[in-house]
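Written out below as C-alpha cells is the structure these notes cover.
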Amino acid sequence: MIDYKNNELLRFTTAGSVDDGKSTLIGRMLYDSKSIFEDQLEAVKKSSEYKGLDYVDLSLLTDGLKAEREQSITIDVAYRYFSTPRRKFIIADTPGHIQYTRNMVTGASTANLAVILVDARHGIVEQTCRHSLIASLLKISHIVLCINKMDLVDYSKEVYEKIVEDYKKFASKLEVKDIHFIPISALMGDNVVDRSENMDWYEGSTLLYLLENVHIASDNNHIDCRFPVQYVIRPQSDLNHDYRGYAGRVASGVFKPGDEISVLPSGFTSRIKSIDTYEGPVHEAFAPMSVTLRLEDDIDISRGDMIVRVNNQPETGQDIDVIVCWLSNQPMNPAAKYILMHTTKEVKAIIKELNYKFDINTLHRLENDKEMKMNDIARLRLRTTQPLFYDSYERNRNTGSLILIDEATKVTVAAGMII
Amino acid sequence: MENYNLNYLKELEAESIFVIREVAAQFEKPALLFSGGKDSILLAHLSRKAFHPAKIPFPLIHIDTGHNFPETLTYRDDLIKELGVKLIVGSVQDSIDSGKVKEETGFDASRNMLQTVTLLDTLEEYKIDAAMGGARRDEEKARAKERFFSHRDEFGQWDPKNQRPELWNIFNGKKNPGEHFRVFPISNWTEMDVWNYIHMENLKMPVIYFTHQRLCIQRNGSILAHSEYLNLRDTEIPEMLQVRFRTIGDMTCTGAVLSEANSLEDIIKEVSVSRQTERGTRADDKRSESAMEDRKKEGYF
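If you're matching them up, the sequences are chains A and B in order.
Numbering that gives the first Met the number 0 numbers the first residue of the first sequence as 0 and each following residue consecutively.
Numbering that gives the first Met the number 0 numbers the first residue of the second sequence as 0 and each following residue consecutively.
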C-alpha cells in the first residue's frame, strides 16, 4: 500500500500549440503511470479502431465534451489526476489555440510548474514564447520545455541542442527561476515515464522523474504572515458560549500561539490565544492550512479583515497598479465600475488608467492601443472604494492576486496581478 | 529550517474546507446535497471540520428516489442526529404523484433521470442559492471541466461553453435573481484519495461498502441488487453473490462488484489495483457516450 502520509501535491499546467502532441503526452503519462482504467482504455481502443487508426490514440483519453468533439477543439481547461508512490499530480490541461490565452492564465494561476511542448521539427514558435511569457507573468517557478516528436527527427542530438540554445536566448528575458529541457516522444514513450533507448546522448531525467522530484517546498511564502479572515465562528452554545474564532486559510507566513498580531484595517493589536482545528489546537499554522484563530482580546473583526504580524505589514492603499488579463468577450468599459475580489475582501473599483498593453509574443509595450479585449494583457491603475491590504504578486501569489467582476452580468471579466 | 509541508491529503482537506467556508460566507441559503454515498459523507465530515466547534450552518438535502438501500437511510438518520443539523428530503415519489414527471417503464426503468426535476423543485421551494455536492473531476469527462463554483441559470441549467473562469483561490459567487450555484468542494479528490482519507480519519461508513451476501442479477455487464423496484426479464434469475458497492445511488442503477473486502484497508487495496472506473458500475452512465454531459446541462448534479 502507498504510504500516502508522506506524499506531496504538485499542480502543473501543460501548454503547447495545437498539434504539438499535448493530449498524447498526457495520455502517455496517465497510461504509463497506470492511472487509466480498463473501461476507459477499452473506449479509446474502440474509437481508434473506428477511426481506422492502426495504433491506440492515447490523445483520445483526454477527449472532452460533446460540444468540443463536434468542433474537434478543446474549449476549456480540463483537470486530470494521477499519482505515483511519491506524489499526487493535478494537471490543468489548457488548450493551445491562439485565442485561448485566458485559459492558459486560468490553468497557470494555481500551478507550481508548467510543461511546455515544442515540436522538434518546428522548434521555438510564436506560441512557445507566448506560453512561456504567460508562465513568467503568472510567476510559475518551474518550466519544463519538452522537445517532443524526437522520433520524427531521428532522435537527433543536434536538433535538440539547437532548440535548447534558441530557447535559452529567448528565456533570458523571462523571470523564471528554474528551466529544464527534456527530449521526448510522447507517442513512443521516450523519456516520459521510461528512459529512452533511442537517445543515449541524453543524460538528464525523464519527465516523470523530474515531476516527482522537483523541489516545491519553497514555492509557498513562509515569511510574511497574512491571514485573511474568511468567516467568524460563534457557536453560541452552552458549552462554547464565549467562543469567537476567526476562520480562514493562511495566505503566507507561519502563525504561532503567543504571536503579537495586528488587525487590518482597524490597526488594533492583540496576541494569538490559540490556533484551533477540529482535531484540537495546533502549535503552528502555515500556508495553505485552513484553521481558526482566537485572540487574547475582544476586537471587532469580520470577513475581509486581515490578521498580520505587527512588525511585518502588507501595503495598504486604494490606488492599485496591476497587470491584467482580460477574460471576457465584452471589452473593458473604461467608464464602468467593477466588483473587485481580493483575498476574502470585496470592493468596487474603477479603471483610472490603462498605462500600456503588452504584445504577448514579444512583451513589447503598446502605448497607443487603449482598447482592452478578450485575451489582452495590460498594465492598469485601479482605484478602489476601500483600501486593500496587499503584497506584490511576485512576492505573494495569495495577497497579490485579484479578479474583476462585471456589475450587471456578475461574470468574472479580468484577472489581475498586483505590481 | 523547519519543514513546512502538508501531506497531500491534508492539503486537499484544507482546500475543501476553504471552499465550504466560502460558500457559507458568500451565500444566504446554502445547502449540502447528501446521497448517502462516500463522497457526500466526506463532504459532511469536512463541513463539520470547517465550522467546529459550531454546528454546520446549513441543512442537508436528500433527494429520495424512493428506491434507496435501507442501509443508506439508517446511516443518513444517524448522521443527522450526530451533526445536529436539519434534513430536507425531496421526494421523487411526490414529483410523480403530482404529475410533474412520469415514471419510466420497461426493464431498465430508473428514477435516476427523474431526480433532476425533484432536485430543482426542492432547491426552488427552499430558495437554496448554493447547493454543494460531492462530485469529483476524476469521475467522468464532463466533470473534468467543472468549476468549484458552477453557475446555473434560472432554469438550473449548466452551459459548458459559458463557464466563469476560476483563478487562484478566488471564487466568484455573484449571481442575478433566480440563478443559483452548484459548488463542488472535493473537485480535486480522486476515488483513491477519498478512501485514503476515510482511512486516515477512520470514518464510519455504511455497511454496504463492505462485502456481504446479496441476491443479485447480472445485466449488461453490471451486477444489480435484486429488489422489488427492479423489473426482471424471464431469463434473469436472482443469485446469491458475495459483493460490495463502490458507489451508492438509486438501487435500480447502482452496480455491485464481486468483492471480499471487509475493511477500509481491504477496500484501498482493491481500489488501487482495480482496472475499472467506479462509474463503470453505473448503468445510468452507460446510456450514451455523453449521458453525463446531457444530464448536467439539464440541471443534474
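We put the beta carbon where it would ideally sit given N, CA and C, even for glycine.
Legend entry - Boundaries of the alpha helix (DSSP H) in which H130/A is found, first to last residue: It spans 125-136 - the alpha helix (DSSP H) in which H130/A sits, taken as one unbroken run.
Inset, instruction - Please check if any C-beta of chain B sits within less than 7 Å of the C-beta of K451/A. - result: With chain A running from 0 to 418 in the structure shown, residue 451/A is simply not present.
Inset, instruction - Identify whether M416/A lies in helix, strand or coil by the three-state DSSP scheme. - result: For M416/A, the secondary structure class from DSSP, reduced to helix, strand or coil, is strand.
Legend entry - Where E314/A sits in the DSSP three-state scheme: Strand, per DSSP.
Legend entry - Local conformation of Q217/B per DSSP, three classes: Of the three classes helix, strand and coil, the one that applies to Q217/B here is strand, per DSSP.
Inset, instruction - Could you give the DSSP three-state label for H198/B: helix, strand or coil? - result: In the structure shown, H198/B sits in a helix (DSSP, three-state: H, G or I).
Inset, instruction - Compare the C-beta of E345/A with all C-beta atoms of chain B and state if any pair is closer than 7 Å. - result: No, because no Cβ of chain B sits closer than 7 Å to the Cβ of E345/A.
Inset, instruction - Name the one or two DSSP bridge partners that W325/A has. - result: The beta-bridge partner set that DSSP reports for W325/A consists of A413/A.
Legend entry - Burial state of L403/A, where buried means 16 or more other Cβ atoms lie within 10 Å: Around the beta carbon of L403/A, 16 or more other beta carbons sit within 10 angstroms, so the residue counts as buried.
Inset, instruction - Can you tell me which of the three DSSP states N102/A falls into? - result: Helix.
Legend entry - F26/B, enclosing alpha helix (DSSP H) - first and last residue: Where F26/B is concerned, there is no enclosing alpha helix (DSSP H), given that its DSSP letter is neither H nor E.
Inset, instruction - In angstroms with no decimal places, state the Cα-to-Cα distance between D165/A and I376/A. - result: Distance between the alpha carbons of D165/A and I376/A is about 25 Å.
Inset, instruction - Kindly indicate the opening and closing residues of the alpha helix (DSSP H) around L49/B. - result: Residue identity check: residue 49/B is Ala in the sequence provided, not Leu. Where A49/B is concerned, the enclosing alpha helix (DSSP H) stretches over 37-50.
Inset, instruction - Using a Cβ cut-off of 7 Å (strictly closer), state whether M340/A contacts chain B. - result: So yes, M340/A belongs to the interface.
Inset, instruction - Below 8 Å CB to CB, which residues in the same chain sit around E10/B once its five sequence neighbours on both sides are set aside? - result: Closer than 8 Å at Cβ, skipping near neighbours: no residue.
Inset, instruction - Return the chain-ordered ranges of every beta strand (DSSP E) run that is complete within the region 118-159 of chain B and spans a minimum of 3 residues. - result: Restricting attention to beta strand (DSSP E) runs no shorter than 3 residues, the region 118-159 of chain B encloses them at 129-131, 148-151, ordered along the chain.
Legend entry - Stretch-stretch touch, CB-based, cutoff 8 Å, three pairs: the region 313-329 of chain A with the region 276-285 of chain A: Flag = no, the region 313-329 of chain A and the region 276-285 of chain A do not touch.
Legend entry - Touch test, the region 231-239 of chain B against the region 113-128 of chain B, Cβ-Cβ under 8 Å, three pairs minimum: Output reads no: the region 113-128 of chain B does not touch the region 231-239 of chain B.
Legend entry - For D53/A and V182/B, the rounded distance between their alpha carbons: Roughly 42 Å separates the two Cα atoms.
Legend entry - Integer-rounded CB distance, given that K126/B should sit under 8 Å from K28/B: Yes, they are in contact, since the Cβ atoms of K28/B and K126/B sit about 5 Å apart, within 8 Å.
Legend entry - Whole-angstrom distance between G247/A and E301/B, CA atom to CA atom: It is not possible to answer for residue 301/B, since the shown part of chain B is limited to 0 through 300.
Legend entry - For G244/A, three-class secondary structure by DSSP: DSSP, read as helix, strand or coil, puts G244/A in strand.
Legend entry - In DSSP terms, what K356/A is bridged to: Bridge partners of K356/A: L365/A, A377/A.
Inset, instruction - Kindly identify the DSSP beta-bridge partner or partners of A113/A. - result: DSSP output for A113/A lists T12/A, I142/A as bridge partner(s).
Inset, instruction - Indicate the three-state DSSP secondary structure (helix, strand or coil) for A107/A in the structure shown. - result: It is helical.
Legend entry - Nearest to S32/A (by Cα), restricted to the options D390/A, Y355/A, D193/A, A216/A: For the set D390/A, Y355/A, D193/A, A216/A, the Cα lying nearest the Cα of S32/A is the one of D193/A.
Legend entry - Cβ of K144/B within 7 Å of any chain A Cβ: For K144/B, the closest Cβ of chain A is nearer than 7 Å.
Inset, instruction - May I ask you to report which of helix, strand or coil DSSP gives P386/A? - result: Under the three-state reduction of DSSP output, P386/A falls in the strand class.
Legend entry - Option in E21/B, M204/B, D192/B, H51/B with minimal Cα separation from E138/B: Measuring from the Cα of E138/B, the nearest candidate turns out to be D192/B.
Legend entry - chain A within 7 Å of N6/B, Cβ atoms only: Closer than 7 Å to some Cβ of chain A, the Cβ of N6/B qualifies, so yes.
Inset, instruction - In angstroms with no decimal places, state the Cα-to-Cα distance between A113/A and S262/B. - result: Roughly 39 Å separates the two Cα atoms.
Legend entry - Under 9 Å (Cβ pairs) to chain B, residues found in the region 131-159 of chain A: Listed in sequence order: no entries.
Legend entry - chain A contact for Y208/B (CB, 7 Å cutoff): No - not a single Cβ of chain A is within 7 Å of the one on Y208/B.
Legend entry - Bounding residues of the alpha helix (DSSP H) (the contiguous stretch that carries E160/A): Judged by DSSP secondary structure, E160/A falls within the alpha helix (DSSP H) whose first and last residues are 156-170.
Inset, instruction - Using 10 angstroms around the beta-carbon of P205/B, count the other beta-carbons present and answer buried if the total reaches 16, otherwise exposed. - result: Of the other Cβ atoms in all chains shown, 16 or more fall within 10 Å of the Cβ of P205/B; this residue is therefore buried.
Legend entry - Cβ contact (3+ pairs, closer than 8 Å) linking the region 142-153 of chain A and the region 182-193 of chain A: The region 142-153 of chain A makes contact with the region 182-193 of chain A: 3 or more CB pairs, one atom from each, lie closer than 8 Å.
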